[in-house]
Amino acid sequence: MSLPPRSDEAYRRAGVDLLQADAVVQIARRLAKTTASRANVGELGGFSGAFELPAGFERPVLLSACDGVGTKLKLAVESGIHHTVGIDLVAMSVNDILVCGGEPLAFLDYVATGALKPEMFESILSGVAEGCRQAACALVGGETAEMPGLYAGDDYDLAGFCVGVVEKELMLPQPGGVQEGQTLIGLASSGLHSNGFSLVRKILAESGATLDSPAPAPQDGSIAEMLLTPTRIYVQPVLALLRRFEGAIRAMAHVTGGGFVDNIPRVLPMGLSARLDDSTWTPPPVFPWLARLGGLDAATMRHTFNCGIGYIIVAEAAQTLDMLAFLNEGWPELQATVIGQVIDTPDRREVAFC
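Using my numbering, read the sequence shown as starting at 1080 and increasing by one per residue.
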């Protein structure tokens, strides 16, 4: 009589390797320790992530956000470049927390794949840890799922979840805070960030452009490296700005899917609109290259991509110059500039370009 197979051997034959899963957990624990912050309480590996609220809040409001990286992951798989998408994952949630004036505290990730490969996982999670460090946010937990038959080849998916906190009286946008004549300060994006990649991939396929081809001048590296440039994390400079100019910032917008057209109106009251002047900034080379390659008009670009502006601050006009000086002195890579203003548009809330 033969003995029944060991449980892990039977599971391995079904496509799930428990030894690889354990190796992945050890990698996650090691990288999570590099993101430890004052909010940490527990250690990675428990049934839930634990953290405590920082002291000093009188009426703390908890903020939560979740997001993924989308079909940008297909380019990571096709190019074998996995160390940047983890930064994207963190950025998409922490920047959303920031829009409310909040400080990101804790982050959890979810990685799903057909077969766990520790080296690939470490590359992905190293990006998550780097993103958390940039945002001064602790990686407190997560989940790794091996699901053979659901994901083919090296395909995987990522989801991220963030919790932040803001003092209730400082939460943005403040009711009645946005008014006609206020300025719109734009902060430069690092590139495409993590939106519009289904269209990007379609353009690449139809044009015959390959990921290993050189990127358009003056961009260095390959097309893959250009497209996979990670999303910029705005947390530390914007939190510093909020503390320095408390009360002068009325609203903020993270320019993600839907571009300017969909995201700016989310923080404007009915009857007020944003008028932008796109001659006030120079977009990274990826945007004019993509527009030419795909034959995309300006309206499509503005409604799909960030076009070089990843974050927008609605500010009191009287303090705008001081804010620009503060940002550009401390974080010159943001190229902070006035890109427009709030205008009166009775019964409408939209984005116009001049």
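Backbone N, C-alpha and C fix where the C-beta goes; we use that ideal spot for every residue, glycine too.
Keep in mind that this is a model prediction, so the values were computed, not measured.
First through last residue of the alpha helix (DSSP H) which encompasses residue i
{"i": "Glu1429", "result": "No alpha helix (DSSP H) holds Glu1429; DSSP gives it neither H nor E."}
{"i": "Met1380", "result": "Ala1377 to Thr1383"}
{"i": "Glu1209", "result": "Pro1197 to Gln1213"}
{"i": "Arg1322", "result": "Val1314 to Arg1323"}
Residue environment, residue i, which counts as buried when at least 16 other CB atoms sit within 10 Å
{"i": "Thr1361", "result": "exposed"}
{"i": "Arg1329", "result": "buried"}
{"i": "Arg1371", "result": "exposed"}
{"i": "Thr1113", "result": "exposed"}
{"i": "Arg1322", "result": "exposed"}
{"i": "Lys1247", "result": "exposed"}
{"i": "Arg1297", "result": "Before going further, note that residue 1297 is Pro rather than Arg in the sequence given. So Pro1297 counts as exposed."}
{"i": "Phe1186", "result": "buried"}
Opening and closing residue of the beta strand (DSSP E) in which residue i lies
{"i": "Ser1143", "result": "Pro1139 to Gly1147"}
{"i": "Arg1354", "result": "Leu1351 to Leu1355"}
{"i": "Gly1399", "result": "Here the sequence assigns Thr to residue 1399, which means Gly is not the residue at that position. Run containing Thr1399: none in the beta strand (DSSP E); it sits in the alpha helix (DSSP H), Thr1399 to Gly1409."}
{"i": "Ala1185", "result": "Glu1182 to Thr1192"}
{"i": "Leu1290", "result": "Element bounds for Leu1290: n/a, residue is neither H nor E."}
{"i": "Asp1245", "result": "One detail in the question is off: residue 1245 reads as Val in this sequence, not Asp. Tyr1235 to Glu1246 is the span of the beta strand (DSSP E), which, as asked, contains Val1245."}
{"i": "Ile1388", "result": "Ile1388 to Ala1394"}
{"i": "Glu1225", "result": "Ala1217 to Glu1225"}
{"i": "Ala1294", "result": "Careful: Ala1294 lies outside any beta strand (DSSP E) and carries neither H nor E."}
{"i": "Ala1330", "result": "Ile1328 to His1333"}
{"i": "Ala1134", "result": "Looking at the DSSP string, Ala1134 is not in any beta strand (DSSP E), and its letter there is neither H nor E."}
Same chain only: Cβ atoms within 6 Å of residue i, ignoring 5 sequence neighbours per side
{"i": "Asp1423", "result": "Glu1259"}
{"i": "Gln1213", "result": "Ile1312"}
{"i": "Arg1085", "result": "Here Arg1085 scores only 49 on pLDDT, less than 50, and its place in the model should not be relied on; the value that follows carries that caveat. If we look at Arg1085 and ignore the five residues flanking it on each side, it has no Cβ neighbours."}
{"i": "Tyr1230", "result": "Thr1192 and Gly1193"}
{"i": "Trp1368", "result": "Pro1295"}
Proximity of residue i and residue j at Cβ, strictly below 8 Å
{"i": "Ala1267", "j": "Leu1413", "result": "yes"}
{"i": "Thr1262", "j": "Ala1396", "result": "yes"}
{"i": "Val1067", "j": "Val1257", "result": "Residue 1067 lies beyond the range of the chain shown here (1080 to 1433); nothing can be said about it."}
{"i": "Arg1179", "j": "Cys1216", "result": "Per the sequence shown, the amino acid found at residue 1179 is Cys instead of Arg. Their beta carbons are not under 8 Å apart, which means Cys1179 does not touch Cys1216 by this criterion."}
{"i": "Gly1206", "j": "Thr1163", "result": "yes"}
{"i": "Leu1168", "j": "Gly1239", "result": "yes"}
{"i": "Gly1338", "j": "Arg1381", "result": "yes"}
Cutoff 7 Å; reference residue i; Cβ partners in own chain excluding five residues on either side
{"i": "Ala1089", "result": "Below a pLDDT of 50, predicted positions are generally treated as unreliable, and Ala1089, at 46, falls in that range; the measurement from the model is reported next regardless. Taken in chain order, the list of residues that qualify is empty."}
{"i": "Pro1252", "result": "Arg1329, Ala1330 and Val1346"}
{"i": "Gly1300", "result": "Ala1294"}
{"i": "Ser1292", "result": "Ser1301 and Ile1302"}
{"i": "Val1173", "result": "Pro1183, Ala1214, Cys1216, Cys1241, Ile1312 and Val1314"}
Chain-order list of residues whose beta-carbon lies under 8 Å from that of residue i (same chain, five-residue window excluded)
{"i": "Arg1280", "result": "Thr1150, Lys1153 and Leu1154"}
{"i": "Leu1082", "result": "With a pLDDT of 49 at Leu1082, under the threshold of 50, the modelled position of that residue is not reliable, and the figure given next carries that caveat. Taken in chain order, the list of residues that qualify is empty."}
{"i": "Arg1138", "result": "Glu1246, Lys1247 and Glu1248"}
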